[in-house]
Structures are given as C-alpha cells and as structure tokens.
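Residue numbers (our numbering): 698 to 942.
Every residue, glycine too, gets a C-beta built ideally from N, C-alpha and C.
The structure displayed is predicted, hence computed values, not measured ones.
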Ligand code: GLN
C-alpha cells in the first residue's frame, strides 16, 4: 500500500496581506494536491499567534498596502529565525508583491520608517514615484511552458543582490523595477513575485512545480505528479500572454 502523501501550508497573515485575492494561490495548491489524492492541510497564521511555524512544507504570504505591511513586518521579526531555518532547509516559500518585499531585507515606503524584512531573499525595496499597474508576461528558465502571466500593482522598486536570481525575465510589464528586466526573485526554494491574479490558477505548471519541490524536500525523493487536464487553465494563461491591458 503506497503511503498517503501529505503537505502542510502555512498561510502567513491572510487577514492583512490578501490583496487581489492572493488567497487563490493557497486554494490552487490545495486543489491540485487533492486531484492527486495528496492531503493538504492549511494553517492560517495571524498576528499574535504564538505557534511554532518552523515545520511547514510550504509557506505562502500575499500582497497588501503599505499600512498592512507595517504590522506584518513587526510580526515577521518574531518568526524570523524559524522562517530562515525553514528556507535554509529547502522548504518552499511563495510570496506575492508586499509579502515578497518583506522576504527581502527591507521595504522603504514613501512615508515613515523602513520596514524590516526577514532577509531570506537577497533583495531590498524602495517606494518609487510611479505605481506600476497592468498585466505582466515574463519568461522563466525552469518551467515548461516558460511563461508566467499575472497582474502587477506596486510602487515598490525591488533590487536583487548577489545570491538571489530573478524568478523570470520581463516580456511585457515592469517587474521588479522596470529597469533591470527582472521579475520576482528566487533563492533555493524561496520564490517571490509581483504577479497577482492570483498567479497560480493561470500558471498551473508553476503550481505543480512548487508542489513537486515541497514533496521532494519532505519525502527526500523525486515524486512524479499525475498529469491533469489543464485545458481551461492554459486557455486563460495563453489568452494573457503579451497582453498589456
Ligand atoms: N505596498 C507595496 C507597494 O505598493 C506592495 C503592494 C502590493 O502588495 N500589491 O509596492
């Protein structure tokens, strides 16, 4: 009897960072596990929760306005060591926009003090004078198909430093800072992106990539996923490729 596979997801601060329905990413991971009879348990971690968050298989944090990021930045400092250990252990992180910014070293908003991140991505963000809003097409070097599509809405300009590579190359849109051609960031199994949408439903190949990564770390072996009929998902994906508005 084959062992029943299981993944646990820590959804960080869903009451504060869930702009543009980023929660849809967690639902997509759970649903795509369920289609393969993989158990998937979601724990919502909110401000003030005092629990050990070092042992989850996947960590998800969504995007939000500067105001919500102030509170989350403070809360994240309480869990910084546990999250850094999880990242060092190869556990999977997916962070969207404001959440992505806080996985870096800091986010400096227009007004007020610098918001500390947890530094599991070698990156920093400063608020720019332009708000980047629109569809994004970007090209990865690790997915098939290579493309990622989504929607960006951020004033933050993110700059990657040595040790962290862009998640993808911008084809349409602005990405990290509209200058260096990078979108998002990746370090080991930590993935940050500016793509809202939510990003995973229209990029099922990225969702499966994350699930496979999390399974291989947890069970210490490569686990093939049953292929799903993603006709509808990929129709949505392909419809957005190279679309700006
Ligand atoms: N407040 C941050 C910015 O404007 C992040 C926004 C977001 O998460 N959509 O850059």
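With a 10 Å radius around its C-beta and 16 neighbouring C-beta atoms as the bar for buried, classify residue i as buried or exposed.
i           : result
residue 837 : buried
residue 883 : buried
residue 827 : exposed
residue 793 : buried
residue 841 : exposed
residue 858 : exposed
residue 848 : buried
residue 903 : buried
residue 879 : buried
residue 930 : buried
Just the C-alpha distance for residue i and residue j, rounded to the nearest angstrom, thanks.
i           : j           : result
residue 797 : residue 912 : 23 Å
residue 872 : residue 699 : 43 Å
residue 907 : residue 703 : 14 Å
residue 745 : residue 751 : 16 Å
residue 743 : residue 766 : 13 Å
residue 805 : residue 910 : 32 Å
residue 915 : residue 755 : 10 Å
residue 711 : residue 739 : 11 Å
residue 808 : residue 851 : 15 Å
residue 867 : residue 876 : 10 Å
Give a single yes or no on whether residue i has its beta carbon closer than 7 Å to a heavy atom of the ligand GLN.
i           : result
residue 794 : yes
residue 805 : no
residue 850 : yes
residue 966 : With the chain covering 698 to 942 only, the question about residue 966 has no answer from this structure.
residue 831 : no
residue 763 : yes
residue 758 : no
Counting only the same chain and skipping the five closest in sequence on each side, list residues whose C-beta sits under 7 Å from that of residue i.
i           : result
residue 887 : 784, 790, 800, 817 and 818
residue 813 : 770, 774 and 803
residue 776 : 750
residue 922 : 733, 905, 908 and 909
Could you pull out every residue in the same chain whose Cβ sits closer than 8 Å to the Cβ of residue i, ignoring the five residues on either side in sequence?
i           : result
residue 721 : 894, 895, 897 and 898
Taking only beta-carbon atoms, is residue i less than 8 Å away from chain B?
i           : result
residue 811 : In the displayed structure, chain B is absent; only one protein chain is listed.
Between which residues of its own chain and residue i is the CB-CB distance below 6 Å, once the five residues before and five after are set aside?
i           : result
residue 941 : 831, 832 and 869
residue 820 : 801, 855, 857, 861 and 882
residue 716 : 760 and 761
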